[in-house]
Amino acid sequence: MTVRTTDPRLTPPTITAMTQVTPASRRHATANLPPPEDGDAVEVSGLRCRYGDFDAVRGIDLTVRAGEVFALLGTNGAGKTTTLEVLSGFHRPAGGTVRVLGIDPATQSAKLRSQLGVMMQEGGFVGELTTVETLLLWQRLVSRPDDPERLLARFDLGSRRDVAVAKLSGGERRRLDLALAVWGTPKLVILDEPTTGLDPESRRRAWDAIGELAEAGRTVVLTTHYLEEAEALADRVAIMHGGRIAATGTLAEITASQPARFDARIVGPPPAPPPEISGELVLGRDGPDTTVTGATDHLQQDLTLLLNWAERHSVTLEGLRAAPASLEAVYHAVRESDSETNQDEHHKTETEVSL
Amino acid sequence: MSAAFTAIAAAETKVLWRNRTAGFTGVALPVLLGAFVTFLVRPQNATTWAIVVGLQLTLTLAYGVYTTTTSVVVARRHALVLKRMRTSDTRDSVLLGGMVAPPVALAWGQLVVLALVDVVRGAPVPADPALLVLAVVLGFAMYLAAALATTPMSSSPERAQLTTLPLAFLAMASGAVLPILDSGTLAQALTAIPGAGLGRLAALAFHGGAWEAGAGGFPAALPALLSLVVWTAVLGLLARRFFQWEPRR
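Protein sequence lines correspond, in order, to chains V and C.
The first sequence begins at 1 in the working numbering and counts up by one.
The second sequence begins at 356 in the working numbering and counts up by one.
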């Protein structure tokens, strides 16, 4: 019997590189480094943000522990960027309390800046300056020391050092952006979609850089559309939808809230009715063959029932695969749950989406 | 002067140098126009030199400081450069100061060049040079405040070329008219226009008698000085209240 631990349909090829910087491997790598600071780097309670009549963030609670990598996931318009803008001190919230490194970013952003590295969703470069001139300018603006040459090499921009930023490709600009954000290894790094537009190699380098920050005990808060990125980098994840946090926790905690899935194929029709299992088991037709798909909260127990049934009836379960729920499954469940909730929203004053 | 201020100012100077169009309109055009006025008016006496110098000051400050500063700040805001710079730990005043320093320094340089042109063309020494210097300093302050106050109304660099036109036109028109008027009621009224006091003070600096009693028994220079000071304060307050570091959503 072959039981795979991941579903290859949900896992892109770049997952191979991921193993270098997964949160678990990072913890192993940091075993000999001083522990990160205790306490919470970010504390958000009841945060609400509005743009005119639009409620971008609708009362979220969020805690990011010092030294962890925290990923905010969500669709466009979920409120991720607005949340990061509040944490960075760019946006004054309509309600709630926010503390970043113990500081209120709305009223003391100047005090916060010296400890913060921020990568915005869009550039913010003077196009006429070259790559190295941009880094040299940044060197004068930031009190944390770092070396422009190190960052040029780190982000593979050495060959583009004397090229005007306006002439860099989108991916090169994102790398330069990331270089500025991690300049001097700030205490807290806020990254808004750091790898959007990067090719796989550049993405891996970006992941490595984020991994290095975590190894150094720094706190990273990032948003991403790439679920595999969150899986690779984040110690904890929050899924935002419609301005609310729909789920938060470690990957294991979040995926445990959804049923595990399995599937297989039987050559020809099934010789007997399928076994009764605690979860859901569906037999379908695919030409002359039968497809077997199931979802269950008790994977081991139900798989045993299925395998015993196959043994009794001399059935080969070809290509049997079983996997815990993926982040993608949770993500889609949140979206579906939220749209169902929205249909009933006129009956409620406030809806809490729970998984 | 902090390293951040110098670095931003140096970067902005590089940008101005590399952008040929901005370089020409920001560097050469005010000087060429100012020199052109000298050759156009062909001043012969203190009165006509007052007109020329008043126009040169207004042209240089309205164009070199007001329009250029507005364009630079709006362009940097539009490209999210201001927002990014605010993620550094440099103070806002230093960020903004470094950004506007090149246009200001450039305008000082242009005024020096124009002064040399005027001297070569036979301009007399002003009767009250201190008043002329005071007028220039107040003019710089007012046009800088005006530039920062205009940026919230300018959603893009292209729009900034339009939003700066009204004040620039008003200032230049009053700069051309005021020096040739005596201190009558019309002159007093026109002095209230933002920037108009500059031409008036230039005229008084060349004629003398700035501190002698004028209309209403007040020193002749007082209305123009008050106009510049009050407009600087009003525009400064507007800038402080409405200035935006990133494009409006």
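Note that CB positions come from ideal geometry on N, CA and C, so glycine has one too.
Quantities reported herein were computed from a predicted structural model and do not represent experimental measurements.
Margin query: Bridge partners for Ile103(V) per DSSP, in chain order?
Written below: According to DSSP, which records beta bridges pairwise, Ile103(V) is partnered with Val100(V).
Checklist line | Within 9 Å of chain V by C-beta, residues of the stretch 481-513 of chain C in sequence order | finding: Contact residues of the stretch 481-513 of chain C toward chain V are absent (C-beta to C-beta distance below 9 Å).
Note to self: Determine, for Thr424(C), whether the minimum Cβ-Cβ distance to residues of chain V falls below 7 Å.
What the structure shows: At a cut-off of 7 Å, the C-beta of Thr424(C) has no neighbouring C-beta in chain V.
Check: Is the distance from the Cβ of Gly74(V) to the Cβ of Thr219(V) below 7 Å?
Finding: Contact flag unset, no.
Next item on the list: Could you tell me which residues DSSP puts in a beta bridge with Ala323(V)?
Entry: Answer is Arg261(V), bridged to Ala323(V).
Note to self: Applying the 10 Å Cβ sphere with the 16-neighbour rule, what's the burial state of Ser159(V)?
What the structure shows: Around the CB of Ser159(V), fewer than 16 other CB atoms lie within 10 Å, so the residue is classed as exposed.
Notebook entry, point to check: Nearest chain C C-beta to Gly124(V) closer than 7 Å, yes or no?
Noted result: Yes - at least one Cβ of chain C is within 7 Å of the one on Gly124(V).
Item checked: Limits of the unbroken beta strand (DSSP E) element including Ile548(C) -> Segment: none, Ile548(C) is in no beta strand (DSSP E) and carries neither H nor E.
Notebook entry, point to check: Counting contacts by CB-CB distance shorter than 7 Å, is Leu435(C) in contact with chain V?
Noted result: At least one chain V Cβ lies under 7 Å of Leu435(C).
Note to self: Against Arg439(C), what residues of chain V qualify as contacts under a CB-to-CB distance less than 7 Å, listed in chain order?
What the structure shows: Within 7 Å Cβ-Cβ: Met120 and Gly124.
Margin query: Do Ala551(C) and Leu559(C) count as a contact pair if the criterion is CB distance below 7 Å?
Written below: No, these two residues do not count as a Cβ contact at 7 Å.
Check: Which residue's Cα is closest to the Cα of Leu371(C): Pro458(C), Val491(C), Asn400(C) and Pro398(C)?
Finding: Nearest to Leu371(C) by C-alpha distance, out of Pro458(C), Val491(C), Asn400(C) and Pro398(C), is Pro458(C).
Notebook entry, point to check: Helix, strand or coil for Gly574(C) per DSSP?
Noted result: Looking at the sequence itself, residue 574(C) is Pro, so the reference to Gly does not match. Residue state, collapsed to three classes: strand.
Margin query: Could you give the first and the last residue of the continuous beta strand (DSSP E) run that contains Thr196(V)?
Written below: Thr196(V) -> no beta strand (DSSP E), and no H or E assigned at all.
Next item on the list: Check whether the Cβ of Val427(C) lies closer than 7 Å to any Cβ atom in chain V.
Entry: No, Val427(C) does not count as interfacial toward chain V.
Margin query: Could you tell me the alpha carbon to alpha carbon distance between Asp447(C) and Leu437(C), rounded to whole angstroms?
Written below: Roughly 9 Å between the two C-alpha positions.
Check: If you check the beta carbons only, do Gly554(C) and Gly409(C) fall under 7 Å apart?
Finding: Taking 7 Å as the Cβ cut-off, Gly554(C) and Gly409(C) qualify as a contacting pair.
Notebook entry, point to check: Of all the options Ala56(V), Asp55(V), Phe70(V) and Ser45(V), which has the alpha carbon lying nearest to the alpha carbon of Leu213(V)?
Noted result: Comparing Cα positions, the closest option is Phe70(V).
Checklist line | Chain-order list of residues whose beta-carbon lies under 6 Å from that of Ala94(V) (same chain, five-residue window excluded) | finding: Leaving aside the five residues that flank Ala94(V) on each side, the residues in its chain whose CB is nearer than 6 Å to its CB run, in chain order, Arg48, Cys49 and Arg50.
Next item on the list: Using a cut-off of 9 Å between C-beta atoms, extract the partners of Phe90(V) located in chain A.
Entry: Absence of chain A from the displayed structure is noted, the protein chains being V and C.
Notebook entry, point to check: Beta-carbon of Val382(C) versus every beta-carbon of chain V: anything under 7 Å?
Noted result: By this cut-off, Val382(C) is not an interface position.
Notebook entry, point to check: In three-state terms, what does DSSP make of Phe391(C)?
Noted result: In the structure shown, Phe391(C) sits in a helix (DSSP, three-state: H, G or I).
Notebook entry, point to check: Quick one: does the C-beta of Gly294(V) sit closer than 6 Å to a heavy atom of the ligand ATP?
Noted result: Ligands are entirely absent from the displayed structure, and the ligand ATP is therefore not among its contents.
Check: Per DSSP, Phe70(V) forms a beta bridge with which residues?
Finding: Answer is Val221(V) and Arg236(V), bridged to Phe70(V).
Notebook entry, point to check: Apart from the five residues on each side of it in sequence, which residues of its chain come closer than 6 Å, Cβ to Cβ, to Leu416(C)?
Noted result: Within the same chain, and ignoring the five residues on either side of Leu416(C) in sequence, the residues whose Cβ sits closer than 6 Å to its Cβ are Gly494 and Tyr498.
Check: In its own chain, which residues sit with a C-beta less than 8 Å from the C-beta of Lys111(V), not counting the 5 before and 5 after it?
Finding: Short of 8 Å from the beta carbon of Lys111(V), and not among the five residues preceding or following it, lie these beta carbons of its own chain, in chain order: Ile103.
Notebook entry, point to check: So, Gly319(V) versus Ala295(V), is the Cβ gap smaller than 7 Å?
Noted result: Not closer than 7 Å, so no.
Note to self: For the stretch 316-332 of chain V against the stretch 265-280 of chain V, do three or more pairs of beta-carbon atoms, one drawn from each stretch, fall closer than 8 Å, so that the two count as touching?
What the structure shows: Pairwise C-beta distances place the stretch 316-332 of chain V in contact with the stretch 265-280 of chain V, as three or more of them are shorter than 8 Å.
Next item on the list: From the DSSP output, in three-state form, read off Lys119(V) for me.
Entry: The sequence as given places Met at residue 119(V); Lys does not occur at that position. The answer is strand: DSSP assigns Met119(V) an E or B state.
Note to self: Using the Cβ count rule (16 or more neighbours within 10 Å means buried), how would you classify Pro610(C)?
What the structure shows: Residue 610(C) is absent from the structure shown; chain C starts at 356 and stops at 604.
Note to self: So, under 8 Å CB-CB, Gly124(V) and Arg439(C) are touching, yes? Tell me the CB distance rounded to an integer number of Å.
What the structure shows: Approximately 3 Å separates the beta-carbon atoms of Gly124(V) and Arg439(C); this is inside 8 Å, confirming the contact.
Note to self: Does Leu517(C) come out as helix, strand or coil in the three-state DSSP assignment?
What the structure shows: DSSP places Leu517(C) in helix when its eight states are reduced to three.
Next item on the list: Would you mind telling me which residues of chain V sit closer than 8 Å to Ala358(C), beta carbon to beta carbon, in chain order?
Entry: Those are Arg140, listed as they occur along chain V.
Note to self: Just to confirm, is the Cβ distance from Leu198(V) to Gly171(V) under 7 Å?
What the structure shows: Judged by beta-carbon spacing, Gly171(V) lies within the 7 Å limit of Leu198(V), meaning their Cβ atoms are closer than that value.
Item checked: Per DSSP, cross-strand counterpart(s) of Ala164(V) -> As DSSP reads the structure, Ala164(V) sits in a beta bridge with Thr130(V).
Note to self: What does the alpha-carbon distance come out to for the pair Asp192(V) and Gly46(V)?
What the structure shows: Those two C-alpha atoms are separated by around 21 Å.
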